[in-house]
């Protein structure tokens, strides 16, 4: 086709699609109901404030609109979203009014895959039931018990052995760290770990990483704002759902293996516990325990736990290399409390306040999800003089809410905060992440083991 003739056709098509998007998202935009929202930057038709929000520099983008105060409104396309920024605002909403902000906001890229199943993206009674079950099951198979500590210790040994195979040469630890963290989750969910070169395991991790990459790109952002439109447009965002389907098949196959080998009297892992509960409630037509929920809940645990813990570890390596004086102090504390031979354990944590605080500061610094997963207001809610309507999206800006006001308004640069880090208080709230306690001690248990020897070579890396 002649390119000169194709250009007008392309423009006409884009114009038609824009009009369609305006209509479809205009219908979506009315779902928030009546209310009095906090002030915020003026939105553009159709786009809202998207041009003012850079997904790669979200902290800076949000700081520019903080002139409206600690609670303000931004528009994601035509959908209003209230942003909570600052420790007090976040605490008031997510702790003191936890039930009002306990809904899960619409996340189209996940909803198309989960259909509201699983623990991360369900709502109402289903979410409460799955939450109670997950807390109990994870407690039995690791959360807060010595068993998870042993699994982390064993996996850390495997990871250190892989590091030693490099012979001291510079290398990228990204893939190895991701495999190690995922293996701990595998041990709890599937009852086994995988060899680092296992083909099926590597394919699973590749799909997870690929989805994180695409969803963090402009394509993923656009899909969450204009899902109906993006379904009809070509682009890499369609790969997300192909990857999701492959992940579903991987998990479903492991579940079938568990069904063949299940001993209801002695469940060995999270999947076994779920299968036992499914059997107990199979006659209940309203039961939330069915195969699709099991697949999605397993996926949620994998998707959330792998990326958060592995990213924290990777960035801790990078940041400590950039700040050798901090690394030296961490190293001194590790030597003093653990020594060169003994395997670190979670009981060491209370004797290593500086290392623990540095890990918290790393998490504050990198802020893996600056606005977290979207929440939704569960009913018309008065908040700080405003009236937030039911189903309104709400997001907590983590950069403005972690650790208290002294962390963010003290005027200290990031490197100064790292040298004198602050710990963080106990987390709470109705949407407190399932598995957060399960993984909370993870970095603290991993880091001393994988830091002790590599620290000496950090200054030699070009």
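Residue numbers (mature numbering (1 follows the signal peptide of the UniProt record, and there is no 0)): -26 to -1, 1 to 436. Cβ atoms here follow ideal geometry from the backbone N, Cα and C, with glycine treated the same way. Just so we're clear, the structure is a prediction, and the values are computed from it rather than from any experiment.
Who does residue 356 pair with in a DSSP beta bridge?
In DSSP, residue 356 forms a bridge with 361.
Could you please give me the residues that DSSP links to residue 368 through a beta bridge?
Bridge partners of residue 368: 56 and 349.
For residue 200, which option in 52, 333 and 359 has the closest C-alpha, if you only look at C-alpha atoms?
Looking at the Cα atoms, 52 is the closest of the given residues.
Do residue 371 and residue 36 have their beta-carbon atoms positioned less than 8 angstroms apart in this structure?
Against a cut-off of 8 angstroms, the Cβ pair of residue 371 and residue 36 comes out as a contact.
Got a sec? Which residues, its chain only, sit under 6 angstroms from residue 155 by beta carbon, not counting five neighbours each side?
Taken in chain order, the residues that qualify are 280, 283 and 284.
Note down, in chain order, each residue of its chain lying with its Cβ closer than 6 angstroms to the Cβ of residue 49, except the 5 sequence neighbours on either side.
Result list for residue 49: 17, 22 and 23, in chain order.
By how many angstroms is the C-alpha of residue 47 removed from the C-alpha of residue 15?
The alpha-carbon atoms of residue 15 and residue 47 are separated by roughly 7 angstroms.
Work out the CA separation of residue 294 and residue 305 for me, nearest whole Å.
Answer to the nearest angstrom: the Cα atoms are 10 angstroms apart.
Taking residue 45 as part of the beta strand (DSSP E), name the residues at either end of that continuous run.
45 to 50 is the extent of the beta strand (DSSP E) around residue 45.
Please report the residue range of the alpha helix (DSSP H) in which residue 211 lies.
Segment 211 to 235, the alpha helix (DSSP H) holding residue 211.
Would you kindly check if the distance between the Cβ of residue 95 and the Cβ of residue 251 is under 8 angstroms?
Taking 8 angstroms as the Cβ cut-off, residue 251 and residue 95 do not qualify as a contacting pair.
Would you kindly work out how many angstroms separate the C-alpha atoms of residue 351 and residue 151, rounded to a whole number?
Whole-angstrom Cα-Cα distance: 37 angstroms.
From residue 80 to residue 325, what does the alpha carbon distance come to, in whole angstroms?
So the alpha carbons of these two residues sit roughly 42 angstroms apart.
Which first and last residues belong to the alpha helix (DSSP H) in which residue 184 is found?
Its alpha helix (DSSP H) spans residues 173 to 189.
Would you check if there are 3 or more beta carbon pairs closer than 8 angstroms linking the region 86 to 106 to the region 224 to 242?
At 8 angstroms Cβ cutoff, the stretches do not touch.
Looking at the strands, I want to know which residues DSSP matches up with residue 18.
22.
Would DSSP call residue 313 helix, strand or coil?
Three-state result, residue 313: coil.
With distances taken Cα to Cα, identify the nearest neighbour of residue 84 among 347, 367 and 210.
Answer by Cα proximity: 347.
Can you tell me whether residue 228 is buried or exposed, with buried defined as 16 or more other CB within 10 angstroms of its CB?
By the 10 Å Cβ count, residue 228 comes out buried.
In chain order, what residues of the same chain lie with their CB nearer than 7 angstroms to the CB of residue 353, ignoring the 5 residues before and after it?
Correct list, in chain order: 74 and 364.
Closer than 8 angstroms is the cut-off here; do at least three beta carbon pairs connect the region 178 to 185 with the region 264 to 281?
Touching, per the Cβ criterion.
Expressed to the nearest angstrom, what Euclidean distance is found between the alpha-carbon atoms of residue 303 and residue 297?
Roughly 10 angstroms separates the two Cα atoms.
Tell me whether residue 105 sits in a helix, a strand or coil according to DSSP, three-state version.
Residue state, collapsed to three classes: helix.
Look at residue 39 and residue 12 and say whether their C-beta atoms are less than 8 angstroms apart.
No, the pair does not count as a contact, with Cβ atoms beyond the cut-off.
Does DSSP put residue 278 in a helix, in a strand, or in coil?
Looking at residue 278 - three-state DSSP - the assignment turns out to be helix.
Could you tell me the alpha carbon to alpha carbon distance between residue 66 and residue 91, rounded to whole angstroms?
Each residue's Cα considered, the two are about 29 angstroms apart.
Report buried or exposed for residue 141, applying the criterion of at least 16 other Cβ atoms within 10 angstroms of its Cβ.
Exposed, by the Cβ-count rule.
Have a look at 339, 174 and 308 and flag the residue whose alpha-carbon is nearest the alpha-carbon of residue 288.
Taking only the C-alpha atoms, the option nearest residue 288 is 339.
Would you mind sorting residue 77 into buried or exposed? The rule is 16 or more other CB atoms within 10 Å of its CB.
Buried.
Work out the CA separation of residue 357 and residue 330 for me, nearest whole Å.
Cα to Cα, residue 330 sits roughly 35 angstroms from residue 357.
Expressed to the nearest angstrom, what Euclidean distance is found between the alpha-carbon atoms of residue 62 and residue 109?
Taking the straight line joining both Cα atoms gives about 28 angstroms.
In this structure, does DSSP put residue 41 in helix, strand or coil?
Three-state result, residue 41: helix.
At what residues does the alpha helix (DSSP H) containing residue 148 begin and finish?
Residue 148 -> alpha helix (DSSP H) spans 148 to 163.
Have a look at residue 301 and residue 328 and give me their C-alpha separation to the nearest angstrom.
Roughly 11 angstroms separates the two Cα atoms.
Pull up the DSSP beta-bridge partners for residue 77, would you.
Beta-bridge pairing links residue 77 to 350.
When we look at the beta-carbon of residue 359 and count the other beta-carbons within 10 Å, is it buried (16 or more) or exposed?
With fewer than 16 other Cβ atoms within 10 Å, it is exposed.
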